[in-house]
Amino acid sequence: MEKQKAFLPTAPYKGTRDFYPEEMRFRNWMFSVMRKTVQSFGYEEYDGPILESFELYLAKSGEEIVQRQLYDFTDKGDRHVAIRPEMTPTLARMVAGEVRNLAKPIRWFSIPNLWRYEQPGKGRLREHWQLNVDLFGVNSYRAEVEIILIANAILENFKAPKGSYQIKVSHRGILDSFLNQTLALAPEKAHAVSKLLDKKSKISKEAFEEEIKPLLSNPEKQLTLIYRYLDTNLQTIGELEGIDPSSVEFIRNLFLDLASLGIKDQLEFDPSIIRGFDYYTGCIFEVFDTNPENRRSLYGGGRYDNLIGLFSNEQLSGIGFGLGDVTFKNFLEGHGLVPKDLNSKNAVLIPLMEDRVFPEVLKLAEELRKEGIGVETMLESAKLGKQIQTAEKKGYRFLIFLGESEISENKVQLKDIASGEQSSVSRSDLISILRKSLLG
């Protein structure tokens, strides 16, 4: 009996995705809106290598990423390298390398491919793409105003309705003063407590208290202060003893400016916003989806003074945010923001009596392409009904039929799939009709 051949699996690596043309249309549309939005604020696109030295992440990334999530290996030159899990270390290296030559302020963005070894779940995969927006060289809170304006403009340009998202803001100065002054924690205890505060919303109250009590010298009193801190608002946060007044004033001024620019109802002060990365030093924020089916953080960022300090003696303040494509796709779909005509393609040319008219079909296709109208030509012989069925399955908006009689009359038969209407039009009118319908 002949042994059955073992075929390779067709499924992608766990935690990754295949992007068939339909998915690529969505991804290209989503990235194009993001790209146009940040470019409208004067930001320029950059990129870097997907491989970096392991030492770069050891120095610039959080412990969880380095110890648990990094894809790292030794290459053929015996160098310890890693696939990038985030873009910020590469950005810091690039800016430091040319810091004296770059015009300030530096406004850069990228949409890199990132990898983290973690358990895949809703909104979380091992491979994803992320919009990164960063502003270097502005020390005042005007930088925070601009970055939050961009974060909000992205959602507005996707036509996100009012109430579909919330922008929660805090300040590392408020958190640090609470940990160091109000709670009087030693530096190593303060760091551990901040990590627990960051994950408090993801665990039960009992689990939170069980983990945090061993870190507190007076658990009963300090836990009361922690819950009071988490329950404060922008008006009451300054009433807690030891809270840094300059950080509170910073956030209040920021809110006043943003409110004057129309960002008020979606803005909220929330002291529970921690942001996991250790390099944040000032204002921090997160954008949350309010959809009950996807109530989670969509993206966020903050101020990171002297991010390039490991590479250079130059001092350069920065602020930025990162927006992952997986959670954002869930947001767009959950709120019905994906255009229904996203999969509609331009036009397909179908020859009638193929052999005799095919050269003329190619000529017409070239005429349309030179006018900016995408067109596919049917290349194989098939029944007309089958060709129409194929064109409709591919998502074409218009079908163009060309036969001997149409060529002799300098006309085509044009069918609009959206309306179902079919008519005979001249070659000259064809271009204007398609341009108006497809290109606006």
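Sequential numbering of the sequence shown, starting at 100, is according to our numbering. The C-beta atom is built at its ideal place from N, Cα and C for all residues, glycine as well.
- Query: What first and last residue would you give for the beta strand (DSSP E) that runs through Glu226?
  - Reply: As a position in the sequence shown, residue 226 is number 127, starting the count at 1. Element bounds for Glu226: 226-235.
- State the Cα-Cα distance for the pair Gly337 and Asn200, rounded to the nearest angstrom. Start at 1 with the first residue of the sequence shown, and residue 337 comes out as number 238. Start at 1 with the first residue of the sequence shown, and residue 200 comes out as number 101. Whole-angstrom Cα-Cα distance: 42 Å.
- So who's on the other strand from Trp128, going by DSSP bridges? Position 29 of the sequence shown, counted from the start, is the residue given in the question as residue 128. Within the DSSP secondary-structure output, Trp128 pairs in no beta bridge.
- Enclosing beta strand (DSSP E) for Arg496 [first to last residue]: Counted from its first residue, the sequence shown places residue 496 at position 397. DSSP places Arg496 inside the beta strand (DSSP E), whose first and last residues are 495-501.
- Query: Would you report the Cα separation of Lys294 and Ala306, rounded to the nearest angstrom?
  - Reply: As a first step, residue 294 must be located in the sequence shown, where it is residue number 195. As a first step, residue 306 must be located in the sequence shown, where it is residue number 207. Note on geometry: alpha-carbon atoms of Lys294 and Ala306 lie some 14 Å from one another.
- Query: So what's His290 in DSSP terms, helix, strand or just coil?
  - Reply: Within the sequence shown, the letter at position 191 stands for residue 290. His290: helix per DSSP, three-state reduction.
- Name the two residues that bound the continuous beta strand (DSSP E) containing Val45. Past the boundaries of the shown model lies residue 45; the chain is included only from 100 to 539, so the question cannot be answered.
- beta strand (DSSP E) segment containing Ile266, residue limits: Against the sequence shown, residue 266 aligns to sequence position 167. In the DSSP assignment, Ile266 falls within the unbroken beta strand (DSSP E) covering 264-270.
- Hey, how far is the Cα of Arg124 from the Cα of Ile210? Counted from its first residue, the sequence shown places residue 124 at position 25. Counted from its first residue, the sequence shown places residue 210 at position 111. Computed Cα separation, rounded: 16 Å.
- Message: Counting C-beta neighbours from all protein chains within 10 Å, is the total for Tyr156 16 or more, i.e. buried, or is it exposed?
- Response: Counted from its first residue, the sequence shown places residue 156 at position 57. Label assigned to Tyr156: buried.
- Item | CA-to-CA distance, Val524 to Leu478, given in whole angstroms | As a first step, residue 478 must be located in the sequence shown, where it is residue number 379. As a first step, residue 524 must be located in the sequence shown, where it is residue number 425. Cα to Cα, Leu478 sits roughly 23 Å from Val524.
- Using the Cα positions of Gly341 and Ile273, report the straight-line distance between them to the nearest angstrom. Start at 1 with the first residue of the sequence shown, and residue 341 comes out as number 242. Start at 1 with the first residue of the sequence shown, and residue 273 comes out as number 174. Cα-Cα distance, rounded: 9 Å.
- From Leu333, Pro219, Val194, residue whose alpha carbon lies closest to that of Leu234: By one-based count along the sequence shown, residue 234 stands at place 135. Residue nearest to Leu234 within the set Leu333, Pro219, Val194 is Val194 (criterion: CA-CA distance).
- What do you get for Gln103, buried or exposed, if any count of 16 or more other CB atoms within 10 angstroms of its CB means buried? In the sequence shown, counting from the first residue as 1, residue 103 sits at position 4. Its Cβ having fewer than 16 others within 10 Å, Gln103 is exposed.
- Task: Have a look at Tyr326, Lys113, Ala250, Ser536 and flag the residue whose alpha-carbon is nearest the alpha-carbon of Val132.
- Result: What you label residue 132 is simply residue 33 of the sequence shown in a count that begins at 1. Of Tyr326, Lys113, Ala250, Ser536, the residue nearest in Cα terms is Ala250.
- Quick one: is Arg183 buried, meaning 16 or more other Cβ sit within 10 Å of its Cβ, or exposed? In the sequence shown, the residue the question calls residue 183 occupies position 84. Classification for Arg183: buried.
- Message: Using DSSP's beta-bridge definition, name the partner residues of Phe368.
- Response: Numbered from 1 along the sequence shown, position 269 holds the residue referred to as residue 368. As computed with DSSP, Phe368 is found in a beta bridge with Val268.
- Message: Could you check whether Phe277 and Tyr326 sit closer than 9 Å to each other, using their CB atoms as the reference points?
- Response: Locating residue 326 in the sequence shown gives position 227, where the first residue counts as 1. Locating residue 277 in the sequence shown gives position 178, where the first residue counts as 1. No, Cβ-Cβ distance for Tyr326 and Phe277 is not below 9 Å.
- Secondary structure of Asp424, DSSP reduced to three states: Position 325 of the sequence shown, counted from the start, is the residue given in the question as residue 424. Helix, per DSSP.
- Using the Cα positions of Ala464 and Phe118, report the straight-line distance between them to the nearest angstrom. Numbered from 1 along the sequence shown, position 365 holds the residue referred to as residue 464. Numbered from 1 along the sequence shown, position 19 holds the residue referred to as residue 118. For Ala464 and Phe118, the distance between alpha carbons rounds to 28 Å.
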